[in-house]
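As structure tokens, the structure follows; a few thoughts come after it.
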Amino acid sequence: MLIKKLWIVRMFPQLKVSVTGLDPEAKYLLLVDVIPVGGSRYKWHGKKWEASGKAELPPPDRVYIHPDSPASGAHWMRQPVSFHRLKLTNNTLDPHGHLIVHSMHRYQPRVHVVGAGGRRGAGGGCASFTFPETQFLTVTAYQNPQVKEQEQVFLKFFFLNTVDLFSFVESMISLDCLSLIPPHLPKDLGRRTIKTRQIYN
1 MLIKKLWIVR MFPQLKVSVT GLDPEAKYLL LVDVIPVGGS RYKWHGKKWE
51 ASGKAELPPP DRVYIHPDSP ASGAHWMRQP VSFHRLKLTN NTLDPHGHLI
101 VHSMHRYQPR VHVVGAGGRR GAGGGCASFT FPETQFLTVT AYQNPQVKEQ
151 EQVFLKFFFL NTVDLFSFVE SMISLDCLSL IPPHLPKDLG RRTIKTRQIY
201 N
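Using UniProt numbering, the final residue of the sequence shown is 201, and nothing's skipped along the way.
So this is what it looks like as structure tokens:
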């Protein structure tokens, strides 16, 4: 995942989950945060990632609240829930509430289902879920020579055709995502099913 202080990037592939087992009439919030994994910094050595020293102190705890929250269980279970608006930055002074990460670290997204009240308005429980295949490493520059070459193609296109900055950034984000997904993995890698085991009231 490519991050820079002047960039605020969307997580890609986007995280999607299917939720089951909720009370159709109760209200719930769906939240996402990211937690450090491994306790180390990483570096690209040869053809693989290796641990390289201790991890930096964790950034400030922040959580992304799905914009549909709070909503009924029926709403959340109707179709897969997408967190495509979730944004990351490595700017520890970010004032906009985006999730903060350090470069060269590994992270694990967590999805939280929080009860916001049942039929009588009573508070509900909370359930948290993690999916190991959604872990990602943050970098400030591409480590794969082939990806770097593709990046130069976009840079050349940018300068020769005076593409506006926002289109350029979107292109770079898409390039990063497409280049870092191994070809043997399914396209819906980030899409998983959550079974809440009847956590409603």
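Heads up, the beta-carbon is just placed ideally off N, CA and C, and yes, glycines get one too. Bear in mind that the values here come from a model prediction, so they are computed numbers and not experimental data.
Check residue 46 in the structure and name its three-state DSSP category. Reading the sequence shown from its first residue, position 46 is the one you call residue 46. Note: residue 46 maps to coil in three-state DSSP.
By alpha-carbon positions, which one of 51, 37 and 56 ends up nearest to residue 43? The sequence position of residue 43 within the sequence shown is 43, counting from 1. For residue 43, the nearest C-alpha among the options comes from 51.
Okay, do the segment 98-107 and the segment 21-37 touch, 3+ Cβ pairs below 8 Å being the bar? yes
Our contact map puts residue 3 next to residue 82 with C-beta atoms below 8 Å; I'd like the distance itself, whole angstroms only. In the sequence shown, the residue the question calls residue 3 occupies position 3. In the sequence shown, the residue the question calls residue 82 occupies position 82. The Cβ separation is near 21 Å, so there is no contact.
Could you check the C-alpha separation between residue 114 and residue 8 for me, to the nearest Å? The sequence position of residue 114 within the sequence shown is 114, counting from 1. The sequence position of residue 8 within the sequence shown is 8, counting from 1. Approximately 27 Å, taken between the alpha carbons.
Name, in chain order, the residues that DSSP records as bridge partners for residue 108. The count along the sequence shown starts at 1 and reaches residue 108 at position 108. DSSP lists 35 as partners of residue 108.
In this structure, how does DSSP classify residue 97 when only helix, strand and coil are distinguished? Here residue 97 refers to the residue found at position 97 when the sequence shown is read from its first residue. DSSP places residue 97 in coil when its eight states are reduced to three.
Which residue marks the beginning of the beta strand (DSSP E) containing residue 127, and which one marks its end? As a working note, residue 127 is residue 127 in the sequence shown. Taken as a continuous stretch (DSSP letters only), the beta strand (DSSP E) holding residue 127 covers 126-130.
Three-state class that DSSP yields for residue 141 in the structure shown: As a first step, residue 141 must be located in the sequence shown, where it is residue number 141. The answer is coil: DSSP assigns residue 141 none of H, G, I, E or B.
Below 8 Å on the Cβ atoms is my contact criterion, and I expect residue 72 with residue 27 to pass it. Report the Cβ-Cβ distance as a whole number of Å. By 1-based counting over the sequence shown, the position of residue 72 is 72. By 1-based counting over the sequence shown, the position of residue 27 is 27. Right, the Cβ-Cβ distance comes to about 6 Å (below 8 Å), so this counts as a contact.
From residue 67 to residue 47, what distance separates their C-alpha atoms? Position 67 of the sequence shown, counting from 1, holds the residue named residue 67. Position 47 of the sequence shown, counting from 1, holds the residue named residue 47. Residue 67 and residue 47 have their C-alpha atoms roughly 40 Å apart.
Backbone secondary structure at residue 116 - three-state DSSP: Here the question's residue 116 lines up with position 116 in the sequence shown. In this structure, residue 116 counts as strand in the three-state DSSP scheme.
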